[in-house]
Each structure stands twice: as structure tokens, then as C-alpha cells.
Amino acid sequence: MQRVTHDGRDTAYRVSDRGGDGPTVCSVHGSGGSKDVWKAQARLSDRFPTVALDLSGHGDSDDVDEPAGAETLDAYADDVVAVAEATGATVLCGNSLGGAVALWIALERDLPLDGLVLAGTGAKLAVAEPLLDALETEFDRAIDLLHEPDRLFHDAPAEYVELSRAGMRECGRAVTERDFRTCHAFDVRDRLDEIASPSLAVVGEHDALTPPAYHDYLADRIDDCERAAIEGAAHLAMLERPAAFNAALSSFLGRRSADESSDGGTR
Numbered sequence: 029m030q031r032v033t034h035d036g037r038d039t040a041y042r043v044s045d046r047g048g049d050g051p052t053v054c055s056v057h058g059s060g061g062s063k064d065v066w067k068a069q070a071r072l073s074d075r076f077p078t079v080a081l082d083l084s085g086h087g088d089s090d091d092v093d094e095p096a097g098a099e100t101l102d103a104y105a106d107d108v109v110a111v112a113e114a115t116g117a118t119v120l121c122g123n124s125l126g127g128a129v130a131l132w133i134a135l136e137r138d139l140p141l142d143g144l145v146l147a148g149t150g151a152k153l154a155v156a157e158p159l160l161d162a163l164e165t166e167f168d169r170a171i172d173l174l175h176e177p178d179r180l181f182h183d184a185p186a187e188y189v190e191l192s193r194a195g196m197r198e199c200g201r202a203v204t205e206r207d208f209r210t211c212h213a214f215d216v217r218d219r220l221d222e223i224a225s226p227s228l229a230v231v232g233e234h235d236a237l238t239p240p241a242y243h244d245y246l247a248d249r250i251d252d253c254e255r256a257a258i259e260g261a262a263h264l265a266m267l268e269r270p271a272a273f274n275a276a277l278s279s280f281l282g283r284r285s286a287d288e289s290s291d292g293g294t295r
């Protein structure tokens, strides 16, 4: 594990590089998560070096004292930009809240990007009121709601589900609620035509939290955006069906690398 210091705090991240000469991919977890959800993507590092970070207040990273919404979104964007700059990452891969952060960076920051992977996310991320209420008052019930069928998982092994529950408890109620309320405030539907980076919208076919229609919307409104569906998966497709997720990611990155080579590297 490595750390980068920025804006008065440390952000923790993990790098896997087995000699890959493709673009470095920086992966960003969702609400109540950590860098551990991206462990299986390290398998790609013989082609594409991979980086996964803990957003502020998650995993091994320092927290910030910011209210949910725009201020937290900006702080999380600072985390990702700092790690991307420290590692030379030029592709952002974000799940759920992490996808919102990636979109925000593409819209609001000057970070050079060769690609944007939007996994189980959307241009607007409204959260159901029963879940918001539970996050405020009954955290265990909120965790139960998120682990109902076809929310975080479709048909994952029981140990995956228990690890997910334990990870959310470790993150804690306050940070997890802040995450979901930040998602609830997020809406960039009217700005998708500003996204200049080649993009991939990838979704688990059973995802009830950010359904396939959200990804159709992204693909229709981002100028250069492909779409992929992962069979047999829900919201955490990179965990539940890692081989299929990695194949979609690798295929997208491989085509983009080939395009850059044919363009003389001017993209």
C-alpha cells in the first residue's frame, strides 16, 4: 500500500504493475466501499498497470470534514486526481459513487484522460428514500436493503456477501450515509455532451441500483461511449463476475490503445 499527501490529508492506494505497457487505470470504489473491491482487476496488470484507492474516510485514507453533496464530491475528486498524478494514471474506472467522481473529474478538472470507464453508475444517482432513512437511523437495516437480491449482487457466493457487509460496517454509518447523500445530489445529465474522453458504460445485467437504462443514457449522450453488459451480475459486477468484467475493460482499453497508435498517439 502507498500513500499520497494532498490538501492536508493522506490518500491510500494500491498499485499492481506486472510490466503492462498500456495506459494505467485508476479505479474508484462506490459508497461505503474501499479499494479492496478492485482486487480482481489487478489480473490485468500484465497489460495495463492498475491502481485502486480509498476515498477520504474509507479504508486506509484520512477523512475530510465536509457535508454531503458538492463539497464531498470535490474532496473525493481531489483524492483521485492526487493518486492519478502520483501514478501516471490516464484512465479512470469508477463504480457507482466512484463513477460520479470520475464524471466530475472529466467535467471539472484538467487531468489528462485517455479513457473513462463508468461501471454501475449514472449521470443522476437518486437514492430511494427508504434507504436514505435507514442510513440515518438504522444502519443494519440499510445494509440489509443493499444486499437484497439484484442490488449489490445477483448470485454471488455467500462469503462475498458477508465480506461486503463487513466492509460497509467497517466504513461506518456516517461516511456511508455521506456517500449516498452525495450520490443523491449528483446530476450531470445536462453536461454529458461536454465529456471528451473515450468512454465505456458497463453494467451488470441484473443491476437494480443503477439499471442498464442508466448506461444506455450515458452511451447515447456521451459523444464517444461504448456500452457493455455483464451477464449474471448486479451492481458490483467487477466482484461478482470479474473475468467478464475484465474482458470488457481489456477489450475497451485495447481498442483505444490501437486507435491511439493508428493516430500517431495524438488522442
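In our numbering, the protein residues as written are 29 to 295.
By construction, the Cβ of each residue, glycine as well, lies at the ideal position given by its N, Cα and C atoms.
Proximity to residue i [Cα-Cα], best of the options
i, options, result
"Val-189", "Gly-122, His-263, Leu-246 and Asp-74", "His-263"
"Asp-244", "Ala-229, Asp-235 and Glu-233", "Ala-229"
"Arg-318", "Gly-48, Ala-134, Ala-276 and Trp-66", "This structure leaves residue 318 out entirely; the chain is present only between 29 and 295."
"Ala-271", "Phe-208, Arg-137 and Gln-69", "Gln-69"
"Asp-38", "Gly-47, Ser-84 and Gly-61", "Ser-84"
"Val-231", "Arg-255, Cys-211 and Val-111", "Arg-255"
"Ser-89", "Glu-99, Val-111 and Phe-76", "Val-111"
"Leu-277", "Leu-173, Asp-82, Ala-147 and Gly-61", "Ala-147"
"Gly-36", "Val-92, Arg-42 and Ala-186", "Val-92"
"Val-56", "Gly-50, Tyr-41 and Asp-49", "Tyr-41"
"Ala-247", "Leu-281, Leu-267, Asp-221 and Gly-122", "Asp-221"
"Asp-49", "Lys-152, Gly-116 and Arg-193", "Gly-116"
"Glu-268", "Thr-33, Trp-66, Ala-154 and Arg-206", "Trp-66"
"Phe-76", "Cys-121, Met-29 and Arg-206", "Cys-121"
"Pro-239", "Glu-205, Leu-153, Ser-192 and Glu-166", "Leu-153"
"Phe-167", "Glu-205, Ala-265, Pro-185 and Ala-186", "Glu-205"
"Ala-184", "Tyr-242, Met-266 and Leu-173", "Met-266"
CB of residue i within 8 Å of CB of residue j, strictly
i, j, result
"Ser-227", "Leu-144", "yes"
"Gly-260", "His-182", "yes"
"Asn-274", "Leu-72", "yes"
"Gly-97", "Arg-209", "yes"
"Ala-156", "Glu-136", "no"
"Val-119", "Cys-54", "yes"
"Thr-78", "Ser-124", "no"
"Gly-150", "Gly-61", "no"
"Leu-141", "Val-108", "no"
"Leu-281", "Pro-95", "no"
"Ala-114", "Val-32", "yes"
"Glu-233", "Ala-257", "yes"
"Arg-46", "Asp-74", "yes"
Within-8 Å CB hit, residue i to chain D
i, result
"Thr-33", "As a matter of chain content, chain D is missing from the structure shown, which is built from one protein chain."
Spatial neighbours of residue i in its chain, beta-carbon cut-off 6 Å, leaving aside the 5 residues before and after
i, result
"Arg-283", "none"
"Ala-236", "Asp-178 and Arg-179"
"Leu-131", "Val-216"
"Asp-252", "Pro-226"
"His-86", "Ser-62 and Cys-199"
"Thr-294", "Any reading at Thr-294 must be qualified, since the residue scores a pLDDT of 42, below 50, and its modelled position is unreliable; no value is offered."
"Arg-249", "Leu-220"
Cβ-based burial, residue i [other Cβ within 10 Å; buried from 16]
i, result
"Ala-224", "exposed"
"Glu-198", "exposed"
"Ser-279", "exposed"
Residues near residue i in its chain [Cβ-Cβ closer than 7 Å; skip 5 each side]
i, result
"Ala-170", "Leu-159, Ala-162 and Leu-163"
"Asp-102", "none"
"Asp-207", "Ser-59, Gly-60 and Leu-125"
"Val-129", "Val-56, Leu-101, Tyr-104, Ala-105, Val-108 and Gly-122"
Neighbourhood of residue i by C-beta, 8 Å cutoff - its chain only, sequence neighbours within 5 removed
i, result
"His-175", "Phe-181, Val-189, Ser-192 and Arg-193"
"Met-29", "Ala-40, Tyr-41, Arg-42 and Asp-88"
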